[in-house]
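Right, one structure below, let's go through it.
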Amino acid sequence: MSESRVVKGFKVFNPDWTCRGYQFEVGKTFEEDVEPKCCERGFHFCEKASDCFDYYNFNSDNKVAEVVALGNVASDGVKSCTNKIQIVREVPWDELLRIVNEGKDCTGLRNTGNRNTGDCNTGNRNTGDCNTGNRNTGNRNTGDWNTGNCNTGDWNTGDWNTGNCNTGDWNTGDWNTGNCNTGDWNKSSHNTGCFNTEQQKILMFNKPSDWTYNDWLRSDARRLLYQIPKNVVEWVYSENMTDEEKELYPTHETTGGYLKVLDESECAQIWWNSLSDYCKKIIMSIPNFDAEIFKQCTGIDVNK
0 MSESRVVKGF KVFNPDWTCR GYQFEVGKTF EEDVEPKCCE RGFHFCEKAS
50 DCFDYYNFNS DNKVAEVVAL GNVASDGVKS CTNKIQIVRE VPWDELLRIV
100 NEGKDCTGLR NTGNRNTGDC NTGNRNTGDC NTGNRNTGNR NTGDWNTGNC
150 NTGDWNTGDW NTGNCNTGDW NTGDWNTGNC NTGDWNKSSH NTGCFNTEQQ
200 KILMFNKPSD WTYNDWLRSD ARRLLYQIPK NVVEWVYSEN MTDEEKELYP
250 THETTGGYLK VLDESECAQI WWNSLSDYCK KIIMSIPNFD AEIFKQCTGI
300 DVNK
C-alpha cells in the first residue's frame, strides 16, 4: 500500500534518458494517474544509489539522476515507486563512484608493496585497490601497467580484460577497442568473432533474435530475473518431514521441525509464483520465449 510523502533517491536511465517507455528530462516533473506498485505501476527509484544496481547494469553509458518522489510512494524494501517524480539533477559518474564505492582516494591499509595509495596491494606503486602486479592505477589487477580494473593481462587501459592490448572493457580476446569481446580486433562490443565494427544480434532460446546484447542488458525482463532470491530458507514441521529428513535432523523431536535451505530452482519457482501476471508477461515476451528451455535454464515452470 502506498502513502503520500516526499522521498529523495536515485534513478538509473538508459543512455537516452528513457526508462520503461517514458522519455525523461532533467529538471522536469512527471506524473501518472495510478496507484504505485513496485514492478508494476509508477516511476521506480531507490533511496540508496548502490541499490539501483541490483536492477540495472553498472554501465557508465547509463544516466543516473538524483530524484524526489512528490506523490504517493510504495516500497518493497530497497526499491520504491511513486506516481509523481521530479528529476532534480544528473549525477556524474565520477561522483556516483565516490557515492557507491569504498576505498577510493584513500591511503588504505594492508599493503605489502611500496608507495601504494589504495587498499590490499602486494605489488609496487599501485594507486588502486587489491593489485598483485606493479604500477597499476585501477583495481584488482594481476598484471603490470594496467590503468583499468580487474585485468589479468599486461598493458590494458580498459576494465576486466584477460587478453592483451585491449582498450575496451571486459575483453577476453586481443586488440579489441570495444567492450565484452571474446574474439580479436573488434571495434564494436559483445562480439564472439573477429574484425567486427557492428554489434551482433544474439541467439535467444537457441534461435536468432533481433536483439543485441545491449538490448538484453537494458530490458525489463533481465531486471526482473535478477531479483530471483538465493539462499532462501523455510521452516519444515516434523509432520511434513520425510523419513530421510528426520534421520538427518534428529533435533526435530525437540524443535518441532528444521530450517530447510531451498536450492536455487526452488527459490526461482517460489519467486515466479509470487510475481504478478504483468511481470510474468514481461518475461514471457522475451524474443523466442520457449517454456521448456526457460525451465532448463532457470528451474522455473511457467505453467505451475
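Residues 0 to 303 in numbering that gives the first Met the number 0 are what the sequence shown lists, from first letter to last.
Just so you know, even glycine gets a beta-carbon here, dropped at the ideal spot from N, CA and C.
The DSSP-derived three-state label of Cys80 is strand. If one requires a minimum length of 3 residues, the beta strand (DSSP E) runs lying completely within the segment 4–67 are 6–12, 28–30, 42–45, in chain order.
The beta carbon of Ser208 lies closer than 8 angstroms to those of Lys200, Ile201, Leu202, Pro286, Asn287 in the same chain, with the five residues before and after it left out. When Trp270, Cys278, Tyr277 are compared, the shortest CA-CA separation from Ile299 is found for Trp270. Here the C-alpha atom of Leu258 lies approximately 45 angstroms from the C-alpha atom of Gln85. Counting along the chain, the unbroken alpha helix (DSSP H) around Tyr277 starts and ends at 276–283. Under the DSSP assignment, Asp209 falls in the beta strand (DSSP E) whose first and last residues are 206–211. Contact check for Glu39 and Ser275: beta-carbon distance about 6 angstroms, within the 8 angstroms limit, so the pair qualifies. Between Gly41 and Cys80, the beta carbon gap of about 4 angstroms places them in contact (Cβ cut-off 8 angstroms). The closest CA to that of Cys45, considering only Pro14, Val6, Gly255, Pro35, is found on Val6. Annotation: Lys245 is outside any beta strand (DSSP E); the continuous alpha helix (DSSP H) that includes it extends over 242–247. Judged by their CB atoms, Asn71 and Asn13 are not nearer to each other than the 8 angstroms cut-off. Under a 10 Å Cβ-count criterion, Ile282 is classified as buried, with 16 or more other Cβ atoms of the shown protein chains found around its own Cβ.
Out of Phe204, Phe23, Gln198, Leu223, the CA that lies nearest to the CA of Tyr212 is found in Gln198. In the DSSP assignment, Leu258 falls within the beta strand (DSSP E) that extends over 256–260. Looking at the DSSP output, Tyr236 sits in a beta bridge with Gly256. Under the 10 Å beta carbon count, Gly8 is surrounded by 16 or more other beta carbons and is classified as buried. Assigned with DSSP and collapsed to three states, Ile227 falls in coil, not helix or strand. Less than 8 angstroms divides the Cβ of Val90 from the Cβ of Ala64. Under DSSP, the beta-bridge partners assigned to Ser74 are Ser79.
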